[in-house]
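Structure first, commentary second.
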Amino acid sequence: MAARNWIFAVAVAVAVFLSLSTFSSAQDLQIVNAERRIDLSSHIVKAFLTLKVENIGKDPAADMLLAFPPTQIKNLAMVQALAVMGKKKKKTYLPLDVKPTEQPDAPNDAGYFLVSFATPLGPGETVTLEVLYILTHSLEPFPVEITQSESQLVYYHDSAVVLSPYHVKQQTTFFKTPSTRVESFTSVEPANRAGKEIKYGPYEDRAPYSYAPVIVHFENNSPFAVVEELVREIEISHWGSLQITENYRLTHGGARHKGVFSRVEYQSRRSITGSSSFNALLAVLPPRVNSVYYRDDIGNISTSHLRTGFKKSELEFEPRYPLFGGWRATFVIGYRVPLEDYLFEAPDGRRYLNFTFGCPLVETIVNKLTLKVGLVVLPEGSKDPSAVLPFTVNQDLQVKYSYLDIVGRTVVVLQKDNVVPTHNVPFQVYYTFKPIYMLAEPLMLVSAFFFVFVTSLAYVHIDLNIVKK
Amino acid sequence: MGAKKASPDLLNSSFSFKSLKLKTKQQELLLRVSILGLVYVLAFIARLFSVLRYESMIHEFDPYFNYRTTLYLTEKGFYEFWNWFDSESWYPLGRIIGGTLYPGLMVTAALIYWTLRFLRFFVHIREVCVLTAPFFASNTTIVAYFFGKEIWDTGAGLVAAALIAICPGYISRSVAGSYDNEAVAIFALLLTFYLFVKAVKTGSLSWALGSAFGYFYMVSAWGGYVFIINLVPLYVLVLLITGRYSMRLYVAYNCMYILGMLLAMQIRFVGFQHVQSGEHMGAMGVFLLMQVFYFLDWVKYQLNDTKLFQTFLRITVTSAILVGGIALGVGTASGYISPWTGRFYSLLDPTYAKDHIPIIASVSEHQPTAWSSFMFDYHILLFLFPAGLYFCFKRLSDATIFIVMYGLTSLYFAGVMVRLILVATPAVCLISAIAVSATVKNLTSLLRTKQKVPQTGSTKGVGSSKSSSKVTLDQSQPFQKNGAIALLVGVFYLLSRYAIHCTWVTSEAYSSPSIVLAARGAHGNRIIFDDYREAYYWLRQNTPTDAKVMSWWDYGYQITAMGNRTVIVDNNTWNNTHIATVGRAMSSYEDEAYDIMRSLDVNYVLVVFGGVTGYSSDDINKFLWMVRIGGGVYPVIKEPDYLVNGEFRVDKGASPKMLNCLMYKLCYYRFGELVTEYGKPTGYDRARGVEIGNKDIKLEHLEEAYTTSNWIVRIYRVKPPTNRL
Chain P
1 MAARNWIFAV AVAVAVFLSL STFSSAQDLQ IVNAERRIDL SSHIVKAFLT LKVENIGKDP
61 AADMLLAFPP TQIKNLAMVQ ALAVMGKKKK KTYLPLDVKP TEQPDAPNDA GYFLVSFATP
121 LGPGETVTLE VLYILTHSLE PFPVEITQSE SQLVYYHDSA VVLSPYHVKQ QTTFFKTPST
181 RVESFTSVEP ANRAGKEIKY GPYEDRAPYS YAPVIVHFEN NSPFAVVEEL VREIEISHWG
241 SLQITENYRL THGGARHKGV FSRVEYQSRR SITGSSSFNA LLAVLPPRVN SVYYRDDIGN
301 ISTSHLRTGF KKSELEFEPR YPLFGGWRAT FVIGYRVPLE DYLFEAPDGR RYLNFTFGCP
361 LVETIVNKLT LKVGLVVLPE GSKDPSAVLP FTVNQDLQVK YSYLDIVGRT VVVLQKDNVV
421 PTHNVPFQVY YTFKPIYMLA EPLMLVSAFF FVFVTSLAYV HIDLNIVKK
Chain R
1 MGAKKASPDL LNSSFSFKSL KLKTKQQELL LRVSILGLVY VLAFIARLFS VLRYESMIHE
61 FDPYFNYRTT LYLTEKGFYE FWNWFDSESW YPLGRIIGGT LYPGLMVTAA LIYWTLRFLR
121 FFVHIREVCV LTAPFFASNT TIVAYFFGKE IWDTGAGLVA AALIAICPGY ISRSVAGSYD
181 NEAVAIFALL LTFYLFVKAV KTGSLSWALG SAFGYFYMVS AWGGYVFIIN LVPLYVLVLL
241 ITGRYSMRLY VAYNCMYILG MLLAMQIRFV GFQHVQSGEH MGAMGVFLLM QVFYFLDWVK
301 YQLNDTKLFQ TFLRITVTSA ILVGGIALGV GTASGYISPW TGRFYSLLDP TYAKDHIPII
361 ASVSEHQPTA WSSFMFDYHI LLFLFPAGLY FCFKRLSDAT IFIVMYGLTS LYFAGVMVRL
421 ILVATPAVCL ISAIAVSATV KNLTSLLRTK QKVPQTGSTK GVGSSKSSSK VTLDQSQPFQ
481 KNGAIALLVG VFYLLSRYAI HCTWVTSEAY SSPSIVLAAR GAHGNRIIFD DYREAYYWLR
541 QNTPTDAKVM SWWDYGYQIT AMGNRTVIVD NNTWNNTHIA TVGRAMSSYE DEAYDIMRSL
601 DVNYVLVVFG GVTGYSSDDI NKFLWMVRIG GGVYPVIKEP DYLVNGEFRV DKGASPKMLN
661 CLMYKLCYYR FGELVTEYGK PTGYDRARGV EIGNKDIKLE HLEEAYTTSN WIVRIYRVKP
721 PTNRL
């Protein structure tokens, strides 16, 4: 039995190998020049990677791979790629399709993204790509616990060279830190630091999958606002408004607060104490927003300020208390926007909602975002909902009961983990709806009242006595 | 053709108009119903000031417990609620919630909530709780109308409904958000009384049954039911003495008492008190007396011999009293019948609590009432009340006797305790309504007869005797008409002043949630101090879920409801020793207090401090009560240690024990570094207007965990013991 299994395994391995060899070989491409700029100024790490890719093979290449170390792949919130067309001054950018993909021979569980070129890259041709990828939870506080008066120091782990399945001829990496205070950084010659910038490279001719781990230890007091869970509920009412309710579970994701919180120090020496804490947040809401509220489980929170504008509205608000490392706050923000700005009719007669995905808070990471789009039309009114998004999310359908509902409203649930502000892009939800259903609830109320009046009329006029008085 | 067709239409319409025209009686009905409807709405909206000015939130202290239990009831269902052992309060003792509360309020709110849910109104339970009190206040006006109608006439009923709708004495306990037992209890109280009066008047079993159920509702809602179970027998006794015994009374009282008692026993918190406690014995005595009366009546009817009956009467009455007395004596001696509780004593003797039960005396609403608060809460009713009594005595009946007794007894209790003004309010409103209604009725009838005089004059001969009598009346009082007009204007002026006063009092004094404090800033802008919720929410979010918080008992309910953390003591002051232990910890030196806190597993200590904002009802001002209550159980704590020449001070002249006790240290920790007011030295306490005496406070076993933005709430963490090597 064991022998047969072994033979089977060999057969599978051979099959995999054969299928691989038919795949466009990774060695057909090489990276002429790679420049990577990693912005560490907030807790959302943004990396801008400029790649000059050349096809050195004989066949045209339709796509290329981007590789990420396993520590990064799980924190990768988003990867975008643009192809740069034209020369200087007349540059145009063409967004490219980026998909996560698997490679069976991946060394050390590296993760891959497949970038498809707009037009296949012919032999000898080069193309310049701009890749943006965003990492969350990649700054590790050290020391793990700090007191009120200390500022927050974090580690950032990365490689001095770009991890790539291709040969890289020349490359440079820049790290931008938020302040000049850098405790230490791993030196991989040539590496040097100037002000807020640490430069690694240039390095010449690195083999595929070269890796040179570096650690940067630096000060970062930017607010580490992490929304552990956000539930956004968008209720469509065909009576003319869109009610949005956002339930936040916010936490300070930085170094944990240790020991005393002294109010007297916090209020009198604000500049030097609690520098890593934050007590104000900014939410960017749609224009023409109204009926905004900000509350939590135990009532209204009075520290908020709304500025409405033509392009956007801004809600400045403070949690009940300043958030130090590890402290949590939960709250609800709700607002209403006019329906005509967001609900449209598609050419095929269906209606669709066009709204922004993501979290309206500025510079925050959302670990788990659940977007509930309640199709608040009448019970049987809305049918066949379908959501259209530029990236993959988990989708689900639920039923919700609201005021005067009998059958319940269909709820489209879109769920995505690891959401960053870059995910704030429009998405659409299509559904069919007959306007006549709008009248059902008012008619129900009217008939209920009518019934009450008729009964009271009848009660007054009908003599229910058995014996005549 | 058209003209021909039009004419019958016209005819029809004129007919319909004629039939639409209301008769006087119908007009009166319409007027009455619409007035009542308006009063109903008015009673509701007058109580919404707090919602408009602040938000839809639960007020004060006890309502937070009620809210928490209601939440539990709606989430877990009735049986879970009934058998709930709450480990979050009275750590480490815990509290059997189902057996130690009056569930009426929670069940009422939950029923309203479930009904609304059933009708597909998806309201939050908080909204239901906030609006329960105004809703029941509105219902009370309806009961007041029927009650007034019963004891006087419909006019008095309407006036009573209007008066009670806005009376500050009632509004103080029934504004939106004041989700307390009294919110439904006053409705239940008045309903029970009304149904009982109705039962006595008609002798009908169904009304007596209704009154028994009203009593059951009252028992389930509030401890104030003791007032009913004592007032009703007293009333019956008075009727017996004044020779108004009747079969109607017999039926009404027996049915109400027996059924009411049996029903009341279903409430676990009340249990068998109706047959075992001294406070309820009066009712039983009167019940037995009724049977004796009935028996005597029967014997009298059978004997038909006065002399023989007199002898029999003497023997029966003596033996009945003797047997009753012996039974009571044996019951009390054997401990079967419990003696009167301290709270009951303190009602009869206002000075009792101050000497014996500091925990009752420490509550501000248990203080004897000042004259000003009578004026504040009753306004013109205070003057109308005696006038109403006069009218009642003028037209004495079973019903008016009842309202007079209710008014007088409750007014006495209102004088003993501030919070009992509430109980007296319906009686005062009803009696005043009688005064207003009777006066206005008399005056308007005078005016009307005057108007009729010229008519009767023109049609001579018809009803000459009547006109002549009126003429003589006119002659006796020459300025009668003008006088009546003047008086009427006066009455309406007074009533309008009353309305203005009520609105003002409601908006200024009774609509503050006391969780959120509001003050006027230097530029007239409103400043909100939301420190309580800041602190409670901080506790809820940033402390371990099993953390135990020690604070003075006032904040216990709020911490469990809003902070969701276990507390050592709370507003249900059932265990005086436990409260005294906390009082002792607060008034001891830090190391002694640390031992107490360790023994109670305390993780956090919460104090309320008004020194920065000038908020005067803080823990320093309550501190003497902690000392007294602590000292009442632990004689090591002595009040004079904290006083200097009998004076309570926190400045340099304060006693050393005061300057170093835990409460002082926790309140003023690092306060000495702060400048609170321009031109004053650091550490200037704005609540007491002094510079504090100990600015260099070191804490050894505790550390500051959180202080709210205006320093009103300060939370300290109890450090774990240092390792012993």
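Residue numbers (the UniProt record's numbering), protein chains in the order written: chain P, 1 to 469; chain R, 1 to 725. Where a beta carbon is used, it is the ideal one built from N, C-alpha and C, also for glycine.
Which of the three DSSP states is assigned to M375/R in this structure?
What you label residue 375/R is simply residue 375 of the second sequence in a count that begins at 1. Looking at M375/R - three-state DSSP - the assignment turns out to be helix.
For D530/R, the nearest candidate out of V226/P, R320/P, E35/P (CA to CA)
Working through the second sequence from its first residue, we reach residue 530/R at position 530. Cα-wise, what sits closest to D530/R is R320/P.
Proximity test, W538/R beta-carbon vs the ligand ZN heavy atom, cut-off 7 Å:
This structure does not include the ligand ZN; it has no bound ligands of any sort.
Ignoring anything shorter than 3 residues, give me the beta strand (DSSP E) runs that lie fully in the region 690-715 of chain R, in order along the chain.
Contiguous beta strand (DSSP E) elements confined to the region 690-715 of chain R occur at 702-707, taking only those with 3 or more residues.
In chain P, what lies closer than 9 Å to T707/R by C-beta?
Along the second sequence, read from residue 1 onward, the residue named residue 707/R stands at position 707. Per Cβ cutoff of 9 Å: F261, S262, R263, V264, Y266.
Should R565/R and L600/R be called a contact, given that it needs their Cβ atoms to be closer than 8 Å?
Numbered from its first residue, the second sequence carries residue 565/R at position 565. Numbered from its first residue, the second sequence carries residue 600/R at position 600. Result no, Cβ atoms of R565/R and L600/R do not sit closer than 8 Å.
Which residues in chain R sit within 7 Å of N300/P, going by Cβ to Cβ distance?
The residue you call residue 300/P lines up with position 300 of the first sequence. Per Cβ cutoff of 7 Å: E55.
L343/P at chain R interface by Cβ criterion, 8 Å:
The sequence position of residue 343/P within the first sequence is 343, counting from 1. With a threshold of 8 Å between beta carbons, L343/P makes no contact with chain R.
Counting only beta-carbon separations shorter than 8 Å, does D619/R have a partner in chain P?
Working through the second sequence from its first residue, we reach residue 619/R at position 619. Judged by the 8 Å Cβ criterion, D619/R is not in contact with chain P.
So, do the region 167-186 of chain R and the region 36-49 of chain R have three or more beta carbon pairs nearer to each other than 8 Å?
They touch, by the three-pair rule.
Is it the case that the region 421-429 of chain R contacts the region 360-379 of chain R, given that we only count it when at least three CB pairs across the two stretches are under 8 Å?
The region 360-379 of chain R makes contact with the region 421-429 of chain R; the number of CB pairs closer than 8 Å reaches 3 or more.
Alpha carbon to alpha carbon, how far is R419/R from C167/R?
Here residue 419/R is taken as the residue at index 419 of the second sequence, counted from 1. Here residue 167/R is taken as the residue at index 167 of the second sequence, counted from 1. Each residue's alpha carbon lies about 14 Å from the other.
For the alpha helix (DSSP H) that M290/R lies in, which residues bound it at each end?
Translated into positions along the second sequence, residue 290/R becomes position 290. Bounds of the alpha helix (DSSP H) holding M290/R are 281-303.
Cβ-Cβ separation, Y102/R to N181/R (assumed contact under 8 Å), whole Å:
For the purposes of this step, residue 181/R is taken as the residue at position 181 of the second sequence. For the purposes of this step, residue 102/R is taken as the residue at position 102 of the second sequence. With a contact defined as Cβ atoms closer than 8 Å, N181/R and Y102/R qualify at about 6 Å.
Please report the straight-line C-alpha distance between A212/P and M85/P, rounded to a whole angstrom.
As a first step, residue 212/P is located in the first sequence; it is residue number 212 there, counting from the start. As a first step, residue 85/P is located in the first sequence; it is residue number 85 there, counting from the start. Here the alpha carbons of M85/P and A212/P stand approximately 32 Å from one another.
Beta-carbon proximity list for I337/R, same chain, < 8 Å, skipping 5 on both sides:
Translated into the one-based positions of the second sequence, residue 337/R becomes position 337. Excluding residues within five positions, the ones whose Cβ falls inside 8 Å are Q276, S277, G278, M281, L328, G331.
Which one or two residues does DSSP pair with H59/R in a beta bridge?
Taking the second sequence and counting its residues from 1, the one referred to as residue 59/R is at position 59. Note: H59/R sits in no beta bridge, so no partner.
In chain order, what residues of the same chain lie with their CB nearer than 6 Å to the CB of L487/R, ignoring the 5 residues before and after it?
As a position in the second sequence, residue 487/R is number 487, starting the count at 1. Result list for L487/R: L443, in chain order.
How would you write the range of the beta strand (DSSP E) that N418/P sits in, first residue to last?
Position 418 of the first sequence, counted from the first residue, corresponds to residue 418/P. Unbroken beta strand (DSSP E) run through N418/P: 409-419.
Examine chain R for any beta-carbon lying closer than 8 Å to the beta-carbon of W327/P, and answer yes or no.
Translated into positions along the first sequence, residue 327/P becomes position 327. Yes, its Cβ sits closer than 8 Å to a Cβ of chain R.
Spatially closest choice to Y283/P from A255/P, D296/P, P360/P, G349/P, by CA coordinates:
Position 283 of the first sequence, counted from the start, is the residue given in the question as residue 283/P. It is Ala, not Tyr, that sits at residue 283/P in the sequence shown. Of the candidates A255/P, D296/P, P360/P, G349/P, P360/P places its Cα closest to the Cα of A283/P.
Taking the beta strand (DSSP E) that A67/P belongs to, which residues open and close that run?
In the first sequence, the residue the question calls residue 67/P occupies position 67. Per DSSP, A67/P belongs to the beta strand (DSSP E) from 61-68.
From the beta carbon of M586/R, is the nearest beta carbon of chain P less than 8 Å away?
In the second sequence, the residue the question calls residue 586/R occupies position 586. No, M586/R lies away from the interface with chain P (no Cβ there is under 8 Å from its Cβ).
What does M562/R touch in chain P if you count any residue whose Cβ is under 9 Å from its own?
In the second sequence, the residue the question calls residue 562/R occupies position 562. Against M562/R, the close residues of chain P are D297, I298, G299, in the order they occur along the chain (beta-carbon pairs closer than 9 Å).
Contact check, E314/P vs T303/P under 8 Å by CB: the rounded distance?
Within the first sequence, the letter at position 314 stands for residue 314/P. Within the first sequence, the letter at position 303 stands for residue 303/P. Here E314/P is actually not in contact with T303/P; their C-beta atoms are around 15 Å apart, not less than 8 Å.
Count the C-beta pairs between the region 323-337 of chain P and the region 194-206 of chain P that are closer than 8 Å, then say yes if the count reaches three, no if not.
Too few Cβ pairs lie closer than 8 Å, so no.
Using 8 Å for Cβ pairs, my map puts T192/R next to Y170/R. What's the rounded Cβ distance?
Taking the first residue of the second sequence as position 1, residue 192/R is located at position 192. Taking the first residue of the second sequence as position 1, residue 170/R is located at position 170. Actually they do not touch by this definition, with Cβ atoms about 17 Å apart.
On a CA-only basis, which of Y459/P, W327/P, A77/P, I44/P is nearest E145/P? Give me that one, please.
The residue labelled residue 145/P in the question sits at position 145 within the first sequence. Ranking Y459/P, W327/P, A77/P, I44/P by Cα distance to E145/P puts W327/P first.
Would you say D405/P reaches chain R, if we count a Cβ-Cβ gap shorter than 8 Å as a contact?
Walking along the first sequence from the start, residue 405/P turns up at place 405. Interface residue, yes.
What three-state label does DSSP hand T364/P in the structure shown?
Translated into positions along the first sequence, residue 364/P becomes position 364. Under the three-state reduction of DSSP, T364/P is assigned to coil, being neither helix nor strand.
Which value, in whole angstroms, describes the spacing of the CA atoms of K312/P and L132/P?
Residue 312/P sits at position 312 when you count from the first residue of the first sequence. Residue 132/P sits at position 132 when you count from the first residue of the first sequence. Each residue's alpha carbon lies about 26 Å from the other.
Beta carbon proximity, S402/P to chain R, threshold 8 Å:
Here the question's residue 402/P lines up with position 402 in the first sequence. Chain R, which has a Cβ nearer than 8 Å to the Cβ of S402/P, makes this yes.
Rounded straight-line distance, which links the Cα of S291/P to that of T449/R:
Start at 1 with the first residue of the second sequence, and residue 449/R comes out as number 449. Start at 1 with the first residue of the first sequence, and residue 291/P comes out as number 291. If you take the alpha carbons of T449/R and S291/P, they lie about 59 Å apart.
Just reading off the beta strand (DSSP E) that F174/P is part of, what are its end residues?
The sequence position of residue 174/P within the first sequence is 174, counting from 1. That run of the beta strand (DSSP E) goes 167-176.
Between which residues of its own chain and G563/R is the CB-CB distance below 6 Å, once the five residues before and five after are set aside?
Here residue 563/R is taken as the residue at index 563 of the second sequence, counted from 1. So the qualifying residues of the chain are Y536, L539, R540.
Report buried or exposed for R232/P, applying the criterion of at least 16 other Cβ atoms within 10 angstroms of its Cβ.
One-based indexing of the first sequence puts residue 232/P at position 232. Within 10 angstroms of the beta-carbon of R232/P lie 16 or more other beta-carbons, which makes it buried.
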